[in-house]
Ligand code: NAP
Ligand code: MG
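Residue numbers (the working numbering): 104 to 599.
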């Protein structure tokens, strides 16, 4: 087993920021939340509630209703009625107005939503405030603009909505994933039944309040909270026309099997194992920032995280030294503190999974490096971690860890870098760092992934389609491609 390196950096003791926490009171949470069906908050049929807790303190934040099959059936009935009765008949520009209104209320309540997101899910407030919430609002604004322009988006073709969309989302970007699903579905004239993840339901329930405030016709959006079985009930419901799922590859495969032989449409956004490729001609300090952002952002709970680093052999030593120095400055701790870089791991189960991989990596012979940053006593924490000398066959280079853990490998030639980057079952994203434009184009065209960033990482825009290759799923979200996933598109004089 490789020896564990200790970090000798003194950043922790040299100086520190004073704490600058947001108040948890800003979240304005209720003690309990019901299901949002047909425009109203209603009690679950089975009368069951579950606790949602804070991963940084393990305190219970609220009780949340658990929807069973009967509740899902009610939600689908409400969505069907709203689809037939109002939403699909509404003038597209009117649909757009509702979406604009939702976007504006999100902006007005963005501080409350950001604090709720960080409390419930563990991500640093700086991210929920500066990344998640602005992107959530911009997704609604962007799709509001499309609602009455679909005939331009699909010029020469006829488009019509699919009907009722069943949507299932994970815990890493709870409100952002809800926005990615709901905004395009509504803009294209569909109605929705959506299920947030069990560990992060609160911002979806606040979105339900916003939807009420925006006066959306009842039943257009229904939000059913619960566990995996609630999601399964949506997938199996015969009156759902489309399933949009974001989550693990394992559950994505299950859903695909369940839907085989039905005429339901399906899009899957699944896992990833992206490589950040750094060439010797890259701006190294800039690359270090990109690598840190790529894997330590949101505790590595990012499907498109740059969880592998491929560095050209000639600069490997320098780059790794700079990376270790930078890691020594990262603050791990209270998600509500504005100084925090790395927040809490979302759940005890996820922390266990990550810790399992830390053991696997060392057993496989990779060299582990962790900073000696102090961790709070309560809560789920994992310090930023490097695995040096990882090999292509190591599980830490092949499997999605979904934590702040980076596997580092070297390469000598451009072809070797491309081969290594593509040697994974996934294909969601990638990063290329070079000073040479031609090299950036050559490499990014050959990376088999839905998104490849050049000299940057983890940048998102609602106009840009996002999605995977291979086991990262299929279908796109965002941009014109994302609209198409919620439409029947008929070619002039033809059928779809
Ligand atoms: P997960 O277990 O697949 O859960 C995702 C969602 O599916 C949750 O709402 C979950 O409910 C629900 N679910 C669980 N079992 C189900 C079933 N049999 N039928 C229908 N729904 C079911 O994934 P996770 O562990 O929460 O999330 C992490 C994974 O998501 C990672 O692998 C990550 O790569 C992937 N992800 C991908 C993207 C992307 O855009 N490609 C984005 C984010 C995350 P519960 O929460 O109650 O279990
Ligand atoms: Mg929670």
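Cβ coordinates follow ideal geometry from the N, Cα and C atoms, glycine included.
In whole angstroms, what separates the C-alpha of residue 532 from that of residue 560? 9 Å
Residue 568: beta carbon under 7 Å from a heavy atom of ligand 1? no
Looking at the structure shown, is residue 473 part of a helix, part of a strand, or coil, going by DSSP? strand
Output the residue ranges of the beta strand (DSSP E) runs that lie fully inside the segment 153–185 and measure 3 residues or longer, sorted by chain position. 163–168
Contained alpha helix (DSSP H) runs [length at least 4] in the segment 208–263, N- to C-terminal order: 213–224, 236–249 and 253–256
For residue 109 and residue 525, what's the separation of their Cα atoms in angstroms? Confidence at residue 109 is low in this model, with a pLDDT of 48, below 50, so its placement is unreliable and the value that follows should be read with caution. Taking the straight line from one Cα to the other gives about 32 Å.
Whole-angstrom distance between residue 575 and residue 529, CA atom to CA atom: 5 Å
CB-CB under 8 Å to residue 105, same chain, minus the five flanking residues each way: which ones, in chain order? Bear in mind that the predicted position of residue 105 carries a pLDDT of just 43, short of 50, making it unreliable; the figure below should be weighed with that in mind. Excluding residues within five positions, the ones whose Cβ falls inside 8 Å are 465, 468, 469, 470, 471 and 492.
Answer yes if the segment 265–275 comes into contact with the segment 336–355, meaning at least three C-beta pairs across the two stretches below 8 Å, and no otherwise. yes
How long is the line joining the alpha carbons of residue 213 and residue 416, rounded to whole angstroms? 45 Å
Hey, how far is the Cα of residue 369 from the Cα of residue 586? 13 Å
Just the Cα atoms here: how many angstroms apart are residue 581 and residue 154? 33 Å
Measuring alpha carbon to alpha carbon, tell me which of 590, 441 and 594 ends up nearest residue 293. 590
Shortest alpha-carbon distance to residue 411 belongs to which of 388, 422, 270 and 523? 523
Let me make sure I understand the geometry here. Which of 162, 513 and 184 has the alpha-carbon closest to that of residue 322? 184
Interface flag, residue 418 vs chain B, CB-CB below 8 Å: No chain B is part of this structure, which consists of one protein chain only.
Assigned secondary structure, residue 203 (DSSP; H/G/I helix, E/B strand, else coil): helix
Does ligand 1 have even one heavy atom less than 7 Å from the beta-carbon of residue 532? no
Check the DSSP bridge columns for residue 136 and list the partner residues they point to. 167
Helix, strand or coil for residue 383? Go by DSSP, reduced to three states. coil
First and last residue of the beta strand (DSSP E) that includes residue 187? Premise fails: residue 187 is in no beta strand (DSSP E) and is neither H nor E.
Looking at the secondary structure, which residues open and close the alpha helix (DSSP H) in which residue 294 lies? Taken as a continuous stretch (DSSP letters only), residue 294 belongs to no alpha helix (DSSP H), being part of the beta strand (DSSP E) at 294–298.
DSSP state of residue 558 mapped onto helix, strand, coil: coil
Taking the alpha carbon of residue 512 as the reference point, which residue from 535, 494, 571 and 457 has its own alpha carbon closest? 494
Less than 7 Å separating the Cβ of residue 349 from some heavy atom of ligand 1? yes
For residue 172, which residues from the same chain have a beta carbon less than 7 Å from its beta carbon, with the 5 sequence-adjacent residues on both sides left out? 336
Segment contact, 8 Å Cβ cut-off, at least three pairs: the segment 445–458 with the segment 221–228: yes
Identify, in the order they occur along the chain, each residue of the same chain with its Cβ nearer than 7 Å to the Cβ of residue 177, setting aside the five sequence neighbours on each side. 140
Please say whether residue 282 and residue 299 have beta carbons closer to each other than 8 Å? no
What is the DSSP secondary structure of residue 76, reduced to helix, strand or coil? No statement about residue 76 is possible, as the shown extent of the chain runs from 104 to 599 and does not include it.
Can you tell me where the beta strand (DSSP E) holding residue 408 begins and where it ends? Careful: residue 408 lies outside any beta strand (DSSP E) and carries neither H nor E.
Own chain partners of residue 231 with C-beta closer than 7 Å, once the 5 adjacent residues on each side are dropped: 217, 220 and 221
Please determine, among 351, 356, 324 and 136, the residue with the shortest C-alpha to C-alpha distance to residue 406. 351
Spatially closest choice to residue 482 from 506, 456, 436 and 442, by CA coordinates: 436
Shorter than 7 Å, the distance from the beta carbon of residue 483 to the closest heavy atom of ligand 1, or not? no
What does the Cβ neighbour count give for residue 196, buried or exposed, with the cut at 16 atoms within 10 Å? exposed
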